[in-house]
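Line order of the protein sequences matches chains A and B.
Here the first sequence is numbered in UniProt numbering, starting from 1 and rising by one per residue.
Here the second sequence is numbered in UniProt numbering, starting from 1 and rising by one per residue.
Heads up, the beta-carbon is just placed ideally off N, CA and C, and yes, glycines get one too.
Report on one structure; see the data block that follows.
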Amino acid sequence: MLNVNMKKDHLEKMRQYRKSLMRSPKLRNLFLELTLRCNERCLHCGSYCGDVSSEELTVDQYRTFLQQVKEDMTTEGKMLDITGGEPLLRKEFFDILGAAHELGFSWGMTSNATLINDSVARDLQRVGMGTISVSIDGLEDTHDAFRRTPGGFSKAMSGIESLIRVGGFEHIQVTTVVTHQNIGQLDELFKIFNNMDIDSWRVINIEPMGRAKQHPELILTPDDYRTLFEFIRNKRIAGEPVTYGCSHYLGLEYEREVRDWYYLCTAGLYTASITASGDIIACLDIERRPEFVQGNILRDRFSEVWEKKFQIFRRDLSDDNEVCSKCDQKDFCHGDAYHSWDFDNNRPQVCFKDILF
Amino acid sequence: MKKTLRTVLTAAIFAAANMSAIPSMAAVDGSGQQEEEGSNTVGLSFEDWVRMTEQPTYDLYGVPPMFDPNDTDITEWLDQPWDLSDLEKTVTTVTTTSVPAPVYGPAPTTTVSDADWDTVVTTLTTSVIPQPAYGAPEFFTGDANTDGAIDSFDVITLRRMLVSGEGSGSARYYGDMNHDGKINVADLIMLQRYLLGKVKDLDKYRSDEYSGELPEIEKITAPSDEITPVTTTITEPYDPVKDVVIALYGIRPIDDRIKEMFGDFNKDIQEK
Chain A
1 MLNVNMKKDH
11 LEKMRQYRKS
21 LMRSPKLRNL
31 FLELTLRCNE
41 RCLHCGSYCG
51 DVSSEELTVD
61 QYRTFLQQVK
71 EDMTTEGKML
81 DITGGEPLLR
91 KEFFDILGAA
101 HELGFSWGMT
111 SNATLINDSV
121 ARDLQRVGMG
131 TISVSIDGLE
141 DTHDAFRRTP
151 GGFSKAMSGI
161 ESLIRVGGFE
171 HIQVTTVVTH
181 QNIGQLDELF
191 KIFNNMDIDS
201 WRVINIEPMG
211 RAKQHPELIL
221 TPDDYRTLFE
231 FIRNKRIAGE
241 PVTYGCSHYL
251 GLEYEREVRD
261 WYYLCTAGLY
271 TASITASGDI
281 IACLDIERRP
291 EFVQGNILRD
301 RFSEVWEKKF
311 QIFRRDLSDD
321 NEVCSKCDQK
331 DFCHGDAYHS
341 WDFDNNRPQV
351 CFKDILF
Chain B
1 MKKTLRTVLT
11 AAIFAAANMS
21 AIPSMAAVDG
31 SGQQEEEGSN
41 TVGLSFEDWV
51 RMTEQPTYDL
61 YGVPPMFDPN
71 DTDITEWLDQ
81 PWDLSDLEKT
91 VTTVTTTSVP
101 APVYGPAPTT
111 TVSDADWDTV
121 VTTLTTSVIP
131 QPAYGAPEFF
141 TGDANTDGAI
151 DSFDVITLRR
161 MLVSGEGSGS
171 ARYYGDMNHD
181 GKINVADLIM
191 LQRYLLGKVK
201 DLDKYRSDEY
211 SGELPEIEKI
221 TAPSDEITPV
231 TTTITEPYDP
241 VKDVVIALYG
251 IRPIDDRIKE
261 MFGDFNKDIQ
271 EK
């Protein structure tokens, strides 16, 4: 374990830095939700994606929007994060990202990779995709059942192999959502991914949001969480490129040990998102409530919205809850992630106190 | 998966932190008295084991006995031809499990013994144990110095192996805690956590990749007492700008963008 006093010192500096970000936010990650349509129906989907109708912006609307962002904010230090649904279901996908590429934006995407073959991989390279994160949520049967897509696992693995074969991408990552049902498969999955030429493996816990709320049997138990984080830490001790995700404060023992950074919810500080219909929100994982919509790119200039709005996200959630406000970790946790905060009852839905610390 | 400079540095950071701050292997009994480091906090001595089992002192390690383990005359079986099936024998074992008292909290209650905080559970089991032709029987993983006990002396032995890069065959086998064919810091940490009672089931962490080959030692550097330690002075203060998540949803920015993200904000801070 890394030095606790050092971590406390760093977390205190991070707290100060977060305060400064609340006064002067700096856009780094701009998510574009191209569609809510998806060819899979994952049990844990936070956006209820699937075979649904989806309002979608046109190529020209995206081009206009990105042009404005470039004029007002430049492309420097910014990353477009393309997501969905399954972004590749958009038949205008390569037109939209071609426009982004021409304007000088760097971009990466999430995908289930079921629609990726060598030809698609070459097209992705052509329009400037730098990085990609592909979802694999267990061994074959588990993955297919979880995503309710027969044959999904083999198609996804084939897509990853196409990406590797075509090459030219800076980072290819596999993401696995760990549930109570698949946590016993981590070692097997590691063996599989270790034999592939991917760059890293992100291992994250299922979140109590979206469709996952209807499946409490999938939510991790306290022992599951401890097993998960010990697994990740042990792999990292051995120099393996395994990482936890961005969510949640993990306490002094696991902070900075299961990922290369200290916890900070960047919603509204570094991160903004554009939904499929053009609404401007902070993070796509946050519950879609009207009060969280800061504007719409079809009627508002994004840079002005970023500058003047988002105040609801530029504050500490822990101030809204009596238990949190008295917790000795609140300065580091600040109420934990926005996407897992229960805004009806003003309390965190995920808190690792008494589990990890 | 690709190991990068970053993953190697991460492993090195863990290794450096562990080598410099290994906690004392102290256990606290109910009275609050601390045991000194290096004491036999877990397990019985080899002589105690022999006495309890009333077995002759035959070789526990290496090639197992192929005939009656109570037969003290071993010259007969050495002359016999043997095949692989003989290596799977029904043996009667006395499994002694020492449950270490946790550093914090109440002692385990598997047996009641107010006076003796180091509770011992002894069970007699008869099982077919497929012993390897060479190498450690399963139940001695962790006993790196092969003294019949798993304790802080094994931590020292394992640590020495990692520093020197050398170790006997037995030490390597029993020091390979997760059975992945390598001796590295992960094994050292697992052994420590096992002794602290934070890991109870070593089988949970075992890799299935054990090949039977002698585990390789992944040597790490450590300060030598004979050489003046090199002190690395950190001239730059901790910069939280570079320690905030940059890869959301797993979408990692390209390297040039990362440099801009870090450099650009630093410029803003300086201007303010």
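> What span of residues does the beta strand (DSSP E) with residue 164 of chain B cover, start to end?
Replying inline: Here residue 164 of chain B belongs to no beta strand (DSSP E); instead the alpha helix (DSSP H) covers 152 to 164.
>> So with CB distances below 8 Å, who are the chain A contacts of residue 215 of chain B?
In response: Going along chain A, no residue has its Cβ under 8 Å from residue 215 of chain B, so there is no contact; the nearest lies around 13 Å.
>> By the three-class DSSP mapping on this structure, what secondary structure does residue 368 of chain A have?
In response: Summary: the structure shown does not reach residue 368 of chain A, with chain A confined to residues 1 through 357, and so no result is reported for it.
> Hey, does residue 152 of chain B have any beta-carbon neighbour from chain A nearer than 7 Å?
Replying inline: no
> Roughly how many whole angstroms lie between the Cα atoms of residue 343 of chain A and residue 288 of chain A?
Replying inline: 11 Å
> So, using beta-carbon positions, are residue 90 of chain A and residue 34 of chain A closer together than 7 Å?
Replying inline: yes
> Quick one: which chain B residues come within Cβ less than 9 Å of residue 197 of chain A?
Replying inline: 1 and 2
> Can you list the residues of chain A that residue 7 of chain B reaches, using a CB-CB cut of under 7 Å?
Replying inline: 239, 240 and 241
>> Can you give me the C-alpha to C-alpha distance between residue 302 of chain B and residue 169 of chain B, rounded to a whole angstrom?
In response: No answer is possible for residue 302 of chain B: the residues shown for chain B start at 1 and end at 272.
> Distance, Cα to Cα, residue 241 of chain A vs residue 299 of chain A?
Replying inline: 43 Å
> In its own chain, which residues sit with a C-beta less than 7 Å from the C-beta of residue 319 of chain A, not counting the 5 before and 5 after it?
Replying inline: 325
>> Can you tell me whether residue 284 of chain A is helix, strand or coil according to DSSP?
In response: coil
> Helix, strand or coil: how does DSSP classify residue 176 of chain A here?
Replying inline: strand
> Once you ignore the five residues that flank residue 278 of chain A on each side, which residues in its own chain have a CB closer than 6 Å to its CB?
Replying inline: 57, 296, 297 and 298
>> How far does the beta strand (DSSP E) with residue 306 of chain A in it extend, from its first residue to its last?
In response: From DSSP, residue 306 of chain A is part of no beta strand (DSSP E) but of the alpha helix (DSSP H) over 302 to 308.
> So is residue 248 of chain B in contact with chain A if we call contact Cβ pairs under 7 Å?
Replying inline: yes
> Roughly how far, in whole angstroms, is the beta-carbon of residue 212 of chain A from the beta-carbon of residue 97 of chain A, given that I think they are within contact range, below 8 Å?
Replying inline: That pair is no contact at about 29 Å.
>> Distance check for residue 244 of chain A and residue 145 of chain B, CA to CA, integer angstroms please.
In response: 36 Å
>> Is the separation between the beta-carbon of residue 144 of chain A and that of residue 177 of chain A shorter than 7 Å?
In response: no
> What's the gap between the Cα of residue 225 of chain A and the Cα of residue 129 of chain A?
Replying inline: 34 Å
> Who pairs with residue 315 of chain B in a beta bridge, going by DSSP?
Replying inline: Because chain B is modelled from 1 through 272, residue 315 of chain B falls outside the range shown and cannot be assessed.
> Of the choices B/255, B/237 and B/260, whose alpha-carbon is the least far from that of residue 9 of chain A?
Replying inline: B/237
> Does residue 221 of chain A get closer than 7 Å to chain B when you measure Cβ to Cβ?
Replying inline: no
> Going along chain B in order, which residues have a C-beta closer than 8 Å to the C-beta of residue 41 of chain A?
Replying inline: Result: empty, since nearest Cβ-Cβ is about 19 Å, beyond 8 Å.
>> Assuming the contact rule is C-beta atoms closer than 8 Å, residue 167 of chain B and residue 217 of chain B should be a hit. Round their C-beta distance to whole Å, please.
In response: 6 Å
> What does DSSP give as the partner residues of residue 30 of chain A in its beta bridges?
Replying inline: A/80 and A/272
> Does the segment 330 to 342 of chain A touch the segment 109 to 122 of chain A, meaning 3 or more C-beta pairs lie closer than 8 Å?
Replying inline: no
> Would the beta-carbon of residue 143 of chain B fall within 7 Å of that of residue 173 of chain B?
Replying inline: no
> Which one of A/189, A/239 and A/206 has the shortest CA to CA distance from residue 179 of chain A?
Replying inline: A/206
>> With a threshold of 7 Å between beta carbons, is residue 194 of chain B in contact with chain A?
In response: no
> Unbroken alpha helix (DSSP H) runs of length 4 or more, entirely within the segment 154 to 231 of chain A: which are they?
Replying inline: 186 to 194
> Do you know how far the Cα of residue 135 of chain A is from the Cα of residue 1 of chain B?
Replying inline: 16 Å
>> For residue 273 of chain A, tell me which candidate among A/65, A/347, A/210 and A/331 has the shortest Cα-Cα distance.
In response: A/65
> So is residue 161 of chain B in contact with chain A if we call contact Cβ pairs under 7 Å?
Replying inline: no
> Would you call the segment 17 to 33 of chain A and the segment 78 to 87 of chain A in contact, with 3 or more CB pairs under 8 Å?
Replying inline: yes
> Skipping 5 residues on each side, what residues in its chain have a beta carbon closer than 8 Å to that of residue 87 of chain A?
Replying inline: 34, 35, 93, 109, 110 and 111
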